[in-house]
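Here is the structure we will look at, set down as structure tokens.
2 protein chains.
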Amino acid sequence: MAKRFAADKYVEGILAGNRVLLSQAITLVESRLPSDQELAHEVMDKVLPHTGNSIRIGITGVPGVGKSTFIETFGTYLIQAQQKKLAVLAIDPTSQRSGGSILGDKTRMELLSMNPQAYIRPSPAGKSLGGVTRSTRESILLCEAAGFDAIIVETVGVGQSETAVHEMVDFFLLLMLAGAGDELQGIKRGIMEMADAIAITKADEQNILKANAAKSEYQNALHLYPVAASGWLPKVSVCSALQNTGLDQIWETITEYLQLTQNNGFFEKKRRDQNLQWMFEAIRQGLEEKFYANPQVKMQLPALKTVVQEGQKSAFAAAAELLKLL
Amino acid sequence: MAKRFAADKYVEGILAGNRVLLSQAITLVESRLPSDQELAHEVMDKVLPHTGNSIRIGITGVPGVGKSTFIETFGTYLIQAQQKKLAVLAIDPTSQRSGGSILGDKTRMELLSMNPQAYIRPSPAGKSLGGVTRSTRESILLCEAAGFDAIIVETVGVGQSETAVHEMVDFFLLLMLAGAGDELQGIKRGIMEMADAIAITKADEQNILKANAAKSEYQNALHLYPVAASGWLPKVSVCSALQNTGLDQIWETITEYLQLTQNNGFFEKKRRDQNLQWMFEAIRQGLEEKFYANPQVKMQLPALKTVVQEGQKSAFAAAAELLKLL
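Heads up: the sequence lines are chains R and U, in that order.
Heads up: take any position in the first sequence, counting from 1, add 1138, and you land on the numbering used here.
Heads up: take any position in the second sequence, counting from 1, add 1138, and you land on the numbering used here.
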């Protein structure tokens, strides 16, 4: 086991902006060792008064949309043009299996990773979505305590991780390619309706016309959607990481969103709701972890799964049988 | 406590199409008494080999879209033109509070409720969404065992019940009003993308042009959506319960969907996945019910909720505190 410090050591280090201690604290919240978890809770409770002062931005898009390049360019813009301190976190339980499609390899964001105002943390290896979700939420708070005032949470638009990210950020940005055809098929249904903004990437050279056409199309489609509880109407824009264009437009959209939702109280309400939701989800995860780790449950589950799938036993009777084992 | 029979009595009655025993068995699955639940599991396991032979259709739409009238008319069409035996179930935990907006009052479907080929069962009173969801799933199976080969599960397009319904049906139909303006605001975001078909209601008299315009608009918008895992492209049509038009078109869409998904294996796969999902959800519900019924948890939860919402304690530390009470 790696060496651990007392909680105060992490807290002081984080508040002083010490990246080594920040990284070690994130490792702590990612750990499943009970002793680490207890230490992590203590650290979390102590940094908590120093959290919340950032804009939390979720970014998703299918592989091929140019997500890393966008985050590298947009992140650099946030640092240089908006004087932000930026942390980039990833939530993708499959990242290690798919060969580092998402932050698995820091060098994919070479410029950002060398920028002293940026902190990049890849998704932890070998974790379930639930595990990644929980530790990413805590990592956001740790980064905020360390003084980062713009947090990007990156995910891939093909799984269930989008919902998880949507539930932990203030603003959700969907990256899309021009052309409403085959390229879209990788995006999971339901994700478009979660987006606060859509950015059409690679709007450069011979792509510009196509990108602008896609922009109008999506803007029209979004008008058909029910109005969000925030009162915000999602915006569509085009951008090019290659030519460094459209980034100010996206930032403007984000600040407009912040103004609207901070004025009408939605921003604060959403964060409070998210806090509560995180607690209930942590409870659910805790209950399920304990249940599925039970040796009796582990032994009987596989056979029951099969008979339930085949329709030989009702799902409810099977569940009752397993619950009785506790 | 009401009188209970042995499991076989219910099973025999249901298989013989006895509605009184069917209703009593549904009451059994709705009951939270442990003895009732055990009896219900026995009944469920015994009817299980006789289930599955229906098309399960979820129908949603905001209040005012004419849902009851549509189900009455479409249901009568299914019985008369398609020789179906129809069961209509409702999933809406708020139905009793909102004054019977949804099947709370059987007389809202007067014709159907008097039709000997139809069986209508309102949503159980005073239940949580989780409770309603579980009992509705079991009720579907009981109705199938009783010989009903078309099951409509009705819900209101304003809450979380749509996702629950979507997870228990084969085909999901969204009813909408013409005009993409204010009327839509009641529909929850994300529901449009769950729909296998959209039907624009009240396409009669001076509404026809508007309804047809809305149809084209939605059809265009749906083309922008990612293709569903079923390979199915959602269809939009118009209908009028008043003039009895457009119902055959909707049925045709449903049969086209069935043909496609039964041929490509999606139909069977979805049902198998749903079975498994129901089991995991029943486990989750069972774990949470037990947890939140714990007197210690009950006592400490309210105060913890407040400090978590206010950001005075981290969600994870609060969850850990509560989990330790077990």
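Think of the CB as a built atom: it goes at the ideal place given N, C-alpha and C, for glycine as much as any other residue.
- S1452(U) belongs to the set of residues whose beta carbon lies under 7 Å from a beta carbon in chain R.
- Contact fails between the region 1352-1364 of chain U and the region 1180-1189 of chain U, because fewer than three Cβ pairs, one in each stretch, are under 8 Å apart.
- In the three-state scheme derived from DSSP, where H, G and I count as helix and E and B as strand, R1170(U) is classed as coil.
- Three or more Cβ pairs drawn from the region 1305-1314 of chain U and the region 1325-1339 of chain U lie within less than 8 Å of each other, which places the two stretches in contact.
- Within the region 1341-1420 of chain U, complete alpha helix (DSSP H) segments of at least 4 residues are found at 1346-1361 and 1385-1401, given in chain order.
- By the Cβ neighbour-count rule, A1441(R) is exposed, with fewer than 16 other Cβ atoms within 10 Å of its own.
- Note on V1226(R): 16 or more other CB atoms within 10 angstroms of its CB, so buried under the neighbour-count rule.
- Of all residues in the region 1423-1447 of chain R, the ones placed with a Cβ closer than 7 Å to any Cβ belonging to chain U are G1424, L1425, E1426, F1429, K1443, V1446 and Q1447, in chain order.
- In this structure, the alpha-carbon of L1439(R) lies about 20 Å from that of K1408(U).
- Put simply, of K1184(U), R1157(U), M1247(U) and S1169(U) the residue whose alpha carbon is nearest the alpha carbon of S1266(U) is S1169(U).
- Inter-segment contact for the region 1197-1213 of chain U and the region 1291-1306 of chain U is present: three or more beta-carbon pairs are separated by less than 8 Å.
- Within 10 angstroms of the beta-carbon of P1433(R) lie fewer than 16 other beta-carbons, which makes it exposed.
- With a beta-carbon spacing of about 5 Å, A1288(U) and L1216(U) fall inside the 8 Å limit used to define contacts.
- Among the CB atoms of chain R, none fall inside 7 Å of the CB of W1370(U).
- With a cut-off of 8 Å on Cβ pairs, the region 1272-1284 of chain R is in contact with the region 1447-1457 of chain U, counting three or more such pairs.
- Within the region 1390-1417 of chain R, the residues whose Cβ lies closer than 7 Å to some Cβ of chain U are R1410, N1413, L1414, W1416 and M1417, listed in chain order.
- Out of A1163(U), I1392(U) and L1396(U), the CA that lies nearest to the CA of A1284(U) is found in A1163(U).
- Look at A1335(U) here: in three-state DSSP terms it is strand.
- Boundaries cannot be given for R1142(R), as no beta strand (DSSP E) includes it and DSSP labels it neither H nor E.
- Taking the C-beta atoms as reference points, A1178(R) is found no nearer than 7 Å to A1457(U).
- Beta-bridge partners assigned by DSSP to V1149(U): none are found.
- Inter-segment contact for the region 1368-1386 of chain R and the region 1348-1357 of chain R is present: three or more beta-carbon pairs are separated by less than 8 Å.
- Taken through DSSP and simplified to helix, strand or coil, L1315(U) comes out as coil.
- The beta-carbon separation of E1305(R) and Q1412(R), rounded to 6 Å, stays under the 8 Å limit for a contact.
- Rounded to the nearest angstrom, the gap between the Cα atoms of Q1344(U) and A1316(U) is 11 Å.
- Chain-ordered, the chain U residues with CB closer than 8 Å to the CB of R1272(R) read F1454.
- The beta-carbon distance between V1303(R) and G1384(R), rounded to whole angstroms, is 22 Å. This is too long to meet the 8 Å contact definition.
- Its chain contains no residue whose beta carbon lies nearer than 7 Å to that of A1140(U) once the 5 sequence neighbours on both sides are disregarded.
- DSSP, reduced to helix, strand and coil, places A1284(R) outside both helices and strands of the structure shown, so it counts as coil.
- Identification of residues in the region 1201-1235 of chain U having a C-beta nearer than 7 Å to some C-beta of chain R yields an empty set.
- Counting only the Cα atoms, S1368(U) lies some 6 Å from T1399(U).
- Residues of the region 1331-1363 of chain R that bring their beta carbon within less than 8 Å of a beta carbon in chain U comprise E1331, M1332, E1355, Y1356, N1358, A1359, H1361, L1362 and Y1363, in sequence order.
- Counting the other Cβ atoms within 10 Å of the Cβ of R1194(R) gives 16 or more, which makes it buried.
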